[in-house]
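Everything on this sheet refers to the single structure shown next.
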Amino acid sequence: MEALGKHKQLRSLQTGDILSSQLPSGVDWHDDHAFITLTMLRLVRASTNPTEKSRLAFRKSSIALEQVSLIITSDNTIITLFKNSAADVDNLILKMLNSSTILRQSCDASMLGQVIINIIIDMAILVQTAHWDIISSIEMDVLGRPSFEQTEDIYSIWSETAKLRNIIKPIANTIHAMCYHRSVTARGKMTECLRHPVKGVIITPLASLHLAGAIGRCLVIDDNLSYMTEATERLMDLVFHHAIAGYRVEELTRFTAVGALFLVTTFLTKHSYHRLSHLRAAGIAIVGTVLILQGYIICGLLTLVFRARYIPSAMKQIMDQTAMFLKQFNRKEAPATLR
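Just so we're on the same page, the numbering used here is the position in the sequence shown counted from 1, plus 1.
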């Protein structure tokens, strides 16, 4: 980095910023070069290392956050610095340069920069699509069988989409600053202006046109993430409303059972009171037998009430644990592939 900075006359502060991995997306304009920092989102295979990759919840893929640095100099040179994904981006660029494309014919550093930016946006779209698939699957589970256990999954997706929006917005602002920075109006002098160091860093009209399209794609991604955030909030409200409604139904069932119990006991007490004078003549044994039978009946009714309250919840808990075990078993057996 120091040798590169001395060769291209970069500032020492920018050389240190290249090595940093916590810079937000942005662009710094100087007389002889422009320093651009972007955050790349990529889908990678699930890893156990939590320092470099953030988990993509409930899938065998993860999101890798990578800082990308681009330096466009006034002599029509672009320098790109990647941490892990340089080979993937390089292969895509070489395919465009091997054929007679506009990128190859233009010999424009800003055009090559917009190609790299569009590749970064393409990878962000893949991440957004993966999150949309997750929300769709969770939505089907919530509509079919809502439970409090699903709130953790929904909140994880809500948090992920909020973080993605905070990453996409600075990228869109950076592209907007590049798009409207400078353009060359005279087509005949475009090559001369690009190679003349006195003119400074130039973003050509063709590159500005493609960057404007990239801004539109970023806005579409942001709108989709906003819609996904609202969808997760609606799912959360649905789970809580269903839980509250179920709790109210359970309370009404309990009150109904208690009312029926007291109705039966009242009837038995009244019946025994009217028959007690006739039973005294038959002896104390018959009276005791009737009272014991009434006690058994009351105990049986109480048992039915408690079973009606606890057995469904216990069976539901057993079924949920079995489904969770089968899901984890299938995850271990299936191969780790990217979506």
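C-beta atoms are modelled at their ideal positions from N, C-alpha and C, and glycine is treated no differently. Bear in mind the structure is a predicted one, so any value in this text is a computation, not a measurement.
Segment limits, alpha helix (DSSP H) that includes residue i
i, result
"arginine 105", "103-107"
"leucine 92", "Residue 92 is actually asparagine in this sequence, not leucine. Run containing asparagine 92: 87-99, per the alpha helix (DSSP H) assignment."
CB contact flag (residue i, residue j, <8 Å)
i, j, result
"valine 143", "leucine 239", "yes"
"isoleucine 139", "isoleucine 222", "no"
"leucine 39", "threonine 175", "yes"
"alanine 208", "methionine 112", "yes"
"leucine 220", "alanine 173", "yes"
"valine 202", "serine 75", "yes"
"leucine 212", "glutamine 115", "yes"
"alanine 1", "isoleucine 73", "What the structure shows of the chain is the stretch from 2 to 340, and residue 1 is not part of that stretch, so it cannot be assessed."
"methionine 229", "isoleucine 136", "yes"
"isoleucine 120", "histidine 177", "no"
"histidine 132", "threonine 152", "no"
"isoleucine 19", "leucine 93", "no"
"lysine 166", "serine 86", "Inspection of the sequence shows that residue 166 is occupied by arginine rather than by lysine. Not in contact: arginine 166 and serine 86 (Cβ atoms no closer than 8 Å)."
"threonine 205", "aspartate 134", "no"
Terminal residues of the beta strand (DSSP E) in which residue i lies
i, result
"histidine 31", "Premise fails: histidine 31 is in no beta strand (DSSP E) and is neither H nor E."
"isoleucine 80", "79-82"
Integer Cβ distance of residue i from residue j, believed to fall under 8 Å
i, j, result
"leucine 71", "isoleucine 79", "6 Å"
"glycine 27", "proline 171", "7 Å"
"aspartate 33", "glutamine 10", "7 Å"
"proline 147", "histidine 243", "4 Å"
"isoleucine 64", "leucine 42", "6 Å"
Helix, strand or coil at residue i according to DSSP, with G and I counted as helix
i, result
"serine 227", "helix"
"methionine 141", "helix"
"histidine 8", "helix"
"glutamate 153", "helix"
"leucine 220", "helix"
"threonine 38", "strand"
"threonine 74", "strand"
"arginine 46", "strand"
"lysine 54", "Its pLDDT being 42, under 50, lysine 54 is placed unreliably in this model, and the value from its coordinates should be taken loosely. In this structure, lysine 54 counts as strand in the three-state DSSP scheme."
"methionine 202", "In the sequence as presented, methionine is not what sits at residue 202; that position holds valine. Here valine 202 sits in coil by DSSP."
"glutamine 68", "strand"
"serine 111", "helix"
"serine 63", "strand"
"serine 209", "helix"
"methionine 2", "coil"
"serine 160", "helix"
"glutamine 129", "helix"
"proline 25", "coil"
"histidine 182", "coil"
"proline 171", "helix"
"arginine 166", "helix"
"arginine 146", "coil"
"methionine 316", "Unreliable positioning characterises methionine 316 in this predicted model, as indicated by a pLDDT of 47, which lies under 50. The coordinate reading is nonetheless provided below. DSSP places methionine 316 in helix when its eight states are reduced to three."
Self-check item: Segment contact, 8 Å Cβ cut-off, at least three pairs: the region 218-237 with the region 155-163
Solution: yes
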